[in-house]
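J.: If you read the sequences in order, they're chains A and B. With this note's numbering applied, the first sequence covers 1 to 192. With this note's numbering applied, the second sequence covers 1001 to 1162. Using N, Cα and C, we set each Cβ at its ideal position, and we do this for glycine too. Source: prediction; values computed, not measured.
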Amino acid sequence: MKHILLLLFFSFSIAFSGDLKDLNIGDAVPSFALKNYDGKDYNIQKVMKENKFTVVMFISTQCPVSNAYNERMEKLYETFSKKSVAFIGINANKAEDTVAIAKHAKEHGFLFPVLKDFRNKVADQYAAQVTPEAFVVNAQGKLLYHGRIDDNRNPAKVTSSDLSDALTKLLEGKEITSSAPKAFGCSIKRIE
Amino acid sequence: MFFLLAGGFTAQGQPGAESLPAVTPVDIDQLMEKVKQDSGNVVLVNAWASWCKPCQEEMPALVKLRKINYNKGFRLIFIAIDDTEIIDRTIRPILKKHAVSFPSYILSRTPDNVFIEKMNSKWSGALPASFIYDRKGTPVTMLVGGKKYQQFADVLQKLLQH
């Protein structure tokens, strides 16, 4: 009996450790509408339909790893936005408000919107766990890529530009068959 | 062999460095070997980083748990996810600040994604993350994100009873 109780306890522990339902490559992504830090509404369905591909990036104003990617995210935007790839940043951290997001976006010259995900509803729907974490969807809302931006927090040590390579492949009409490798990042600070 | 290497890896070249806690670079296999060597105890491997504020915020709770439960068979292993070049400059001073007086480790020669997958394939890579093993060395649970003393204690107390 004691062993059964222990087993039940650990089953609960593992589930409680935050297993959100992961999206798989090929899944239809959940629809959402959020406000940019400047108050403008963004509807993901509309953005997806207007572009060949949409990159959704969960980012943070405070996470040192996410911040290490500020320039790289902006560079990706510069490179791919002219090829009908939309970029949307999402901030789901409970402690980071719209004022902080606006200040951060302006300081770093982000030309893409950064939407505030109050109560981390979108992060939960996408099962996003870390910052930075990227999702790429096509115009039909199908998930094509999920994972890291590249393989190193230090830009000088990057050997695999996974997100950039994925977008290049997709724009060439090639298929991406598996998720990108995972990378270390800051946990998204959720409403408990 | 692992422990013979351990002493050699901890560079103590800087003045005053010898008073800081030892930090040994290990790859994933060496870390797993360390967990195996500690079997018979309940082991918690805590992955942290110098850039991760919540990681450092939960360190005192873990150190306190170790102090209270060491004689009951609890072993705590800190593994830093950082560049090995900053061991003396950053990692060891942080550990000292949090009163870590026992040997710790830093991930080396292991790609990030390989470490993440081997520790737990369900792990997103978010830090901090704690991986808890029972006395048989079997992984039983993973706690991701900053946790409080009681959250760790609740898991460990049940395991330490067995």
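So, at 8 Å on beta carbons, what are the nonlocal neighbours of residue 59 of chain A in its own chain, with the 5 sequence-adjacent residues on each side left out?
T.: 66, 69, 73, 89, 90, 91, 114, 131 and 132
J.: Suppose only complete runs of 3+ residues qualify. What are the beta strand (DSSP E) ranges in the region 32-75 of chain A, listed by chain order?
T.: Complete beta strand (DSSP E) runs here, min 3: 33-35, 41-43 and 53-58.
J.: Any Cβ of chain A within less than 7 Å of the Cβ of residue 1127 of chain B?
T.: Answer yes: the Cβ-Cβ gap between residue 1127 of chain B and chain A drops below 7 Å somewhere.
J.: Could you check whether the Cβ of residue 983 of chain B sits closer than 7 Å to any Cβ belonging to chain A?
T.: Past the boundaries of the shown model lies residue 983 of chain B; chain B is included only from 1001 to 1162, so the question cannot be answered.
J.: Identify whether residue 1052 of chain B lies in helix, strand or coil by the three-state DSSP scheme.
T.: coil
J.: Just tell me which of B:1030, B:1097, B:1019 and B:1043 has its CA closest to the CA of residue 1160 of chain B.
T.: B:1043
J.: Please list the residues of the region 1143-1157 of chain B that have a C-beta atom closer than 7 Å to any C-beta atom in chain A, keeping them in chain order.
T.: Those residues of the region 1143-1157 of chain B that come within reach of chain A (Cβ to Cβ, closer than 7 Å) are 1143, 1144, 1145 and 1155.
J.: Residue 1162 of chain B: buried (16+ other C-beta within 10 angstroms of its C-beta) or exposed?
T.: exposed
J.: First and last residue of the alpha helix (DSSP H) that includes residue 1092 of chain B?
T.: 1092-1097
J.: Return the CA-CA distance between residue 2 of chain A and residue 1109 of chain B, expressed in angstroms with no decimal places.
T.: With a pLDDT of 47 at residue 2 of chain A, under the threshold of 50, the predicted position of this residue should be treated as unreliable, though the coordinate-derived value follows. Computed Cα separation, rounded: 42 Å.
J.: Give the straight-line distance between the Cα atoms of residue 144 of chain A and residue 34 of chain A, rounded to the nearest whole angstrom.
T.: 22 Å
J.: In terms of alpha-carbon separation, which member of B:1077, B:1055 and B:1051 lies closest to residue 1037 of chain B?
T.: Looking at B:1077, B:1055 and B:1051, the one whose alpha-carbon comes closest to that of residue 1037 of chain B is B:1077.
J.: In three-state DSSP terms, what is residue 1114 of chain B?
T.: In this structure, residue 1114 of chain B counts as helix in the three-state DSSP scheme.
J.: If we call anything under 7 Å between Cβ atoms a contact, is residue 170 of chain A one with residue 80 of chain A?
T.: no
J.: Taking a Cβ distance cut-off of 8 Å, strictly less, list which residues of the region 1094-1123 of chain B are near chain E, in chain order.
T.: Among the protein chains of the structure shown, namely A and B, there is no chain E.
J.: So which of B:1119, B:1147, B:1150 and B:1088 has the shortest CA-CA distance to residue 1140 of chain B?
T.: B:1119
J.: Counting only the same chain and skipping the five closest in sequence on each side, list residues whose C-beta sits under 7 Å from that of residue 1057 of chain B.
T.: 1146
J.: Run the CB neighbour count on residue 1020 of chain B, radius 10 Å, all protein chains shown included, and call it buried at 16 or more, exposed below.
T.: When all chains shown are included, residue 1020 of chain B counts as buried.
J.: Taking the C-alpha atoms as reference points, what is the distance between residue 48 of chain A and residue 1030 of chain B?
T.: 46 Å
J.: By DSSP, does residue 189 of chain A sit in helix, in strand, or in coil?
T.: Coil.
J.: Please state the DSSP three-state secondary structure of residue 116 of chain A.
T.: Strand, per DSSP.
J.: Beta-carbon within less than 7 Å of residue 168 of chain A's beta-carbon, same chain only, minus the 5 sequence neighbours each way: which residues are those?
T.: none
J.: Is the region 1044-1053 of chain B close to the region 1121-1133 of chain B, with three or more CB pairs under 8 Å?
T.: yes
J.: Between A:140, A:118, A:134 and A:121, which lies nearest to residue 1124 of chain B when the distance is taken from Cα to Cα?
T.: A:134
J.: Evaluate residue 186 of chain A with the Cβ neighbour count: other Cβ atoms within 10 Å of its Cβ, from every protein chain shown; 16 or more gives buried, anything less gives exposed.
T.: Under this definition residue 186 of chain A is a buried residue.
J.: Just checking my contact of residue 191 of chain A with residue 93 of chain A at CB under 8 Å: how many whole Å lie between their CB atoms?
T.: With a Cβ gap of about 10 Å, residue 191 of chain A and residue 93 of chain A do not count as contacting.
J.: Classify residue 1148 of chain B as helix, strand or coil using the three-state DSSP reduction.
T.: When secondary structure is reduced to three states using DSSP, residue 1148 of chain B falls in the coil class, being assigned neither helix nor strand.
J.: Going by DSSP, name the residue or residues bridged to residue 1139 of chain B.
T.: B:1133
J.: Which residue's Cα is closest to the Cα of residue 21 of chain A: A:150, A:127, A:105 and A:95?
T.: A:127
J.: Label residue 8 of chain A either buried or exposed according to how many other C-beta atoms from any shown protein chain fall within 10 Å of its C-beta, with 16 as the threshold for buried.
T.: Summary for residue 8 of chain A: the model assigns pLDDT 42, below 50, so the residue's position carries little reliability, and this model does not support an answer.
J.: Going along chain B in order, which residues have a C-beta closer than 9 Å to the C-beta of residue 41 of chain A?
T.: Correct list: empty, because the minimum Cβ distance to chain B is about 29 Å.
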